[in-house]
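Student:
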């Protein structure tokens, strides 16, 4: 079973993401901000990271940069799921090493399609 | 002659009063956040209950597809709380900055009484409202 680390400071967003992913058979590990996500990622390897951008303590792009600095996460797909939709922010995400940029709100079917496409 | 059924607040006529109005708007936005969070909590609770019961119910394939489609639509819509909270928070920060700027330019406002206008929404949660029969 593939494991996905879902990161968002909104509890309702984490609930909707977890509901969607668990319903498709994925194991979901949740984190409420980038720092918590980084700590959990160091503790166990996951197959995909799905993170919000605007979060306290550590934002999504900083999380991506930190994860890419870890040998075990050099090639892990990392998707950013955020309300931000500007080309500038997308470019920052790509430059940081993100695999993809999804704009909220997500459609469950489309999210699962993307996850299936990038997860190994 | 048409009558305005809602007693709208008078417009501030100087910078100090505008600063007070900003503070009042910030307070309204905070109450909006409270209402949105309460509504989202209740909706999510009902959603979870429905899904749990639905998983125990026998359905034919057509019904199953329709229900899955409806659940998908609900999942997308239930993300409103996150977006609404971010928007109101952003608006509050901008108002706070505007208020600070106005206060620095004009000083504090005229005080209580000026903004004693009607509050159309006094609820702070989304439980059903009271009913009075006359």
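Chains as they are written, first to last, in my numbering: chain A, 53 to 172; chain B, 24 to 157.
Cβ coordinates follow ideal geometry from the N, Cα and C atoms, glycine included.
This one's a predicted model, so the numbers in the text were calculated from it and none came from an experiment.
1. Could you spell out where the alpha helix (DSSP H) holding residue 60/B opens and where it closes?
2. When the Cα atoms are used, what is the spatial distance from residue 124/B to residue 58/B?
3. Under the three-state reduction of DSSP, which class applies to residue 151/A: helix, strand or coil?
4. Taking residue 104/A as the reference, give the member of 141/A, 127/A, 121/A and 98/A with the closest Cα.
5. So what does DSSP say about residue 55/A, is it helix, strand or coil?
6. Going by DSSP, what residues sit across from residue 90/B in a beta bridge?
7. So what does residue 82/A bridge to, in DSSP terms?
8. Using 8 Å as the limit for Cβ to Cβ distance, is residue 125/B near chain A?
9. If you follow the alpha helix (DSSP H) that residue 114/A is in, where does it begin and where does it stop?
10. Rounded to the nearest angstrom, what separates residue 152/A and residue 131/A at their Cα positions?
11. Mind checking the stretch 158 to 170 of chain A against chain B and listing, in chain order, the residues whose C-beta falls within less than 8 Å of any C-beta there?
12. Quick one, which residues of the stretch 86 to 102 of chain B are near chain A if we go by CB-CB under 7 Å, in chain order?
13. Please return the same chain residues whose Cβ sits closer than 7 Å to the Cβ of residue 114/A, not counting the five positions on each side in sequence.
14. Can you pull the chain A residues whose beta carbon is under 8 Å from the beta carbon of residue 106/B, in chain order?
15. Could you spell out the range, first to last residue, of the alpha helix (DSSP H) harbouring residue 166/A?
16. Please report the residue range of the alpha helix (DSSP H) in which residue 103/A lies.
17. Is it true that the CB of residue 52/B sits closer than 8 Å to the CB of residue 114/B?
18. So, for residue 157/B: in the same chain, excluding its five sequence neighbours on each side, which residues have a beta-carbon less than 6 Å away from its beta-carbon?
19. If we count the other Cβ atoms within 10 Å of its Cβ and call it buried at 16 or more, is residue 99/B buried or exposed?
20. Residue 134/A by DSSP, collapsed to three states: which one?
21. Name the two residues that bound the continuous alpha helix (DSSP H) containing residue 67/A.
22. Is it the case that the stretch 56 to 65 of chain A contacts the stretch 90 to 109 of chain A, given that we only count it when at least three CB pairs across the two stretches are under 8 Å?
23. Between the Cα of residue 102/B and those of 121/B, 60/B and 45/B, spot the shortest distance and give me the residue it belongs to.
24. Any C-beta of chain B sitting closer than 8 Å to the C-beta of residue 68/A?
25. If contact means a Cβ-Cβ distance below 8 Å, which residues of the stretch 101 to 124 of chain A contact chain B?
Tutor: The structure says:
1. What you label residue 60/B is simply residue 37 of the second chain in a count that begins at 1. Where residue 60/B is concerned, the enclosing alpha helix (DSSP H) stretches over 38 to 78.
2. For the purposes of this step, residue 124/B is identified with residue 101 of the second chain, where counting begins at 1. For the purposes of this step, residue 58/B is identified with residue 35 of the second chain, where counting begins at 1. Between residue 124/B and residue 58/B, the alpha-carbon positions lie close to 29 Å from each other.
3. As a first step, residue 151/A is located in the first chain; it is residue number 99 there, counting from the start. Here residue 151/A sits in coil by DSSP.
4. As a first step, residue 104/A is located in the first chain; it is residue number 52 there, counting from the start. Out of 141/A, 127/A, 121/A and 98/A, 141/A has the C-alpha closest to the C-alpha of residue 104/A.
5. As a first step, residue 55/A must be located in the first chain, where it is residue number 3. In this structure, residue 55/A counts as strand in the three-state DSSP scheme.
6. Taking the second chain and counting its residues from 1, the one referred to as residue 90/B is at position 67. In the DSSP output, where bridge partners are listed per residue, residue 90/B has none listed.
7. For the purposes of this step, residue 82/A is taken as the residue at position 30 of the first chain. Answer is 58/A, bridged to residue 82/A.
8. For the purposes of this step, residue 125/B is identified with residue 102 of the second chain, where counting begins at 1. False, the Cβ-Cβ gap to chain A never drops below 8 Å.
9. Position 62 of the first chain, counted from the start, is the residue given in the question as residue 114/A. Going by DSSP, residue 114/A is part of the alpha helix (DSSP H) stretching over 112 to 120.
10. Here the question's residue 152/A lines up with position 100 in the first chain. Here the question's residue 131/A lines up with position 79 in the first chain. Each residue's Cα considered, the two are about 5 Å apart.
11. Within the stretch 158 to 170 of chain A, the qualifying residues are 158, 159, 160 and 161.
12. Answer set for the stretch 86 to 102 of chain B: 95, 98, 99, 101 and 102.
13. As a working mapping, residue 114/A is identified with position 62 in the first chain. Apart from sequence neighbours up to five positions away, the residues of its chain that approach residue 114/A with a beta-carbon distance below 7 Å are 86, ordered along the chain.
14. Taking the second chain and counting its residues from 1, one reaches residue 106/B at position 83. Those within 8 Å of residue 106/B in chain A are 135, 156 and 157.
15. Working through the first chain from its first residue, we reach residue 166/A at position 114. Segment 160 to 170, the alpha helix (DSSP H) holding residue 166/A.
16. By 1-based counting over the first chain, the position of residue 103/A is 51. First-last for residue 103/A: 100 to 103, but that is the beta strand (DSSP E), not the alpha helix (DSSP H).
17. Numbered from its first residue, the second chain carries residue 114/B at position 91. Numbered from its first residue, the second chain carries residue 52/B at position 29. Here residue 114/B is near residue 52/B, since their CB atoms are less than 8 Å apart.
18. Sequence index remark: in the second chain, residue 157/B carries index 134 (1-based). Cβ within range, chain order: n/a, list empty.
19. Residue 99/B sits at position 76 when you count from the first residue of the second chain. Around the beta-carbon of residue 99/B, 16 or more other beta-carbon atoms lie within 10 Å, marking it buried.
20. On the first chain, position 82 is the one that residue 134/A refers to. Secondary structure of residue 134/A (DSSP, three-state): strand.
21. Here the question's residue 67/A lines up with position 15 in the first chain. Residue 67/A -> alpha helix (DSSP H) spans 63 to 75.
22. A contact exists between the stretch 90 to 109 of chain A and the stretch 56 to 65 of chain A.
23. In the second chain, counting from the first residue as 1, residue 102/B sits at position 79. Cα-wise, what sits closest to residue 102/B is 60/B.
24. Counting from one through the first chain, the residue named residue 68/A turns up at place 16. Yes, its Cβ sits closer than 8 Å to a Cβ of chain B.
25. If the cut-off is 8 Å between Cβ atoms, the stretch 101 to 124 of chain A has 106 near chain B.
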